[in-house]
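Everything in the sequence shown is counted per my numbering, starting at 2 for the first residue and increasing by one.
Ideal Cβ positions, reconstructed from N, Cα and C, are used throughout, including at glycine.
Taking it in order: structure first as structure tokens, then the write-up.
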Amino acid sequence: LFCHIILICPVSLHRGPHSHSLMTHSNYYGTVTPYPNFCARSDAAALEKAIETKGVDEDVIISILVDRSNEQRQKIKAAYEESTGKPLADALKSALRSHLEDVALALLMTPAQFDAHELRKATKGFGTKEAVLVEILASRSNQEIRDIKRVFKEEYEEELEDVIKSDTSGDFTSALLAMLKADKDEDNTIDLERAKKDAVVMHFSPYYYHNSAFYNYYCCHFTYF
């Protein structure tokens with residue numbers, strides 16, 4: 002089980018004898034940057050025209066949505082509803098079909114809304130998509146986890162923890178609930194000596210794996226993996 006939730010992180014080496022440091026988020030840059038000379042009202046008007054055009058101008062819709070940052074798309078949503086009196090998501094649902102509709106609606110969500118939506122899909126209906134649960138919960142920061150839980154409760158009127166308990170079982174449930182506590186160590190320093198000692202304990206104490214303390218600890222202290 003636990004091999005499915007270990008994070009593989011790029012590491013940069015420092016000169017210290019026992020520690021390494023993870024590359025921080027500042028080493029990475031998003032591929033979608035804020036659009037220059039952005040005007041939410043102009044984009045909202047262009048989207049309204051594209052939606053009302055006979056046959057729908059999908060190229061304009063795609064161009065605007067994928068070329069704006071998430072923060073800018075939220076402003077476009079507000080400007081569109083202020084101008085037309087109806088949510089942009091509803092207008093796109095009526096105008097688009099199939100995968101393009103799915104992508105457009107996903108682009109209108111905040112990161113927390115999208116994650117909550119995907120977690121809902123993963124736990125709703127027949128079968129639980131465990132890979133989706135792991136991918137989201139194991140990779141988000143403490144604040145992102147808290148935001149996801151808040152949005153999930155607002156959107157679906159259920160606690161995410163209760164849904165996880167209902168749709169999963171055993172050790173997997175324990176691991177996910179530990180992640181949902183949103184109190185993992187976010188220090189980027191990797192203590193190799195601690196890792197070695199913990200590895201010895203894990204090797205010689207097989208029953209330790211079945212202890213809830215294992216999940217509470219290792220799901221909250223993953224920086225040396």
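Buried or exposed by the 16-neighbour rule on C-beta atoms within 10 Å, applied to residue i
| i | result |
| --- | --- |
| D91 | exposed |
| Q73 | buried |
| A132 | exposed |
| S175 | buried |
| K50 | exposed |
| K185 | buried |
When the options are compared against residue i, the one with the closest alpha-carbon
| i | options | result |
| --- | --- | --- |
| R69 | T129, N38, K122 | N38 |
| N143 | A183, T34, E155, A196 | A183 |
| Y157 | E102, E194, H118 | H118 |
| V104 | E59, F127, E155, T174 | E59 |
| S233 | T54, K198, G128 | Given a span of 2 to 226 for the chain in the structure shown, any question on residue 233 remains unanswerable. |
| V57 | M203, L101, A200, K154 | L101 |
| A113 | R151, K87, R195, D199 | R151 |
Residues of its chain near residue i, where Cβ-Cβ distance is below 7 Å and the 5 sequence neighbours each way are ignored
| i | result |
| --- | --- |
| Q178 | Correcting the residue type first, residue 178 is Leu in the shown sequence and not Gln. The answer, listed in chain order, is E162, I165. |
| P18 | Residue placement at P18 is poorly supported in this model, since its pLDDT is 44, which falls under 50; the coordinates are not used for a value here. |
| K130 | A123 |
Integer-rounded CB distance, given that residue j should sit under 8 Å from residue i
| i | j | result |
| --- | --- | --- |
| L108 | L66 | 5 Å |
| I62 | D116 | Between D116 and I62 the Cβ distance is about 24 Å, and since that is not below 8 Å, they are no contact. |
| E82 | L89 | 7 Å |
| A80 | I52 | Not quite, the Cβ-Cβ distance comes to about 14 Å (not below 8 Å), so this is no contact. |
Neighbourhood of residue i by C-beta, 6 Å cutoff - its chain only, sequence neighbours within 5 removed
| i | result |
| --- | --- |
| R141 | none |
| T124 | V164, D168 |
| F153 | A117, L161 |
| D199 | none |
| R98 | none |
Whether residue i touches residue j by CB criterion (8 Å)
| i | j | result |
| --- | --- | --- |
| I146 | L120 | no |
| K1 | L106 | The structure shown does not extend to residue 1, since the chain spans only 2 to 226, so no value can be given for it. |
| Q75 | T34 | no |
Contacting residues, own chain, Cβ-Cβ under 8 Å from residue i (five flanking each side not counted)
| i | result |
| --- | --- |
| Y36 | D68, R69, S70, Q73 |
| I77 | A41, D44, A45, L48, I65, R69, L89 |
| E159 | F153 |
| T32 | none |
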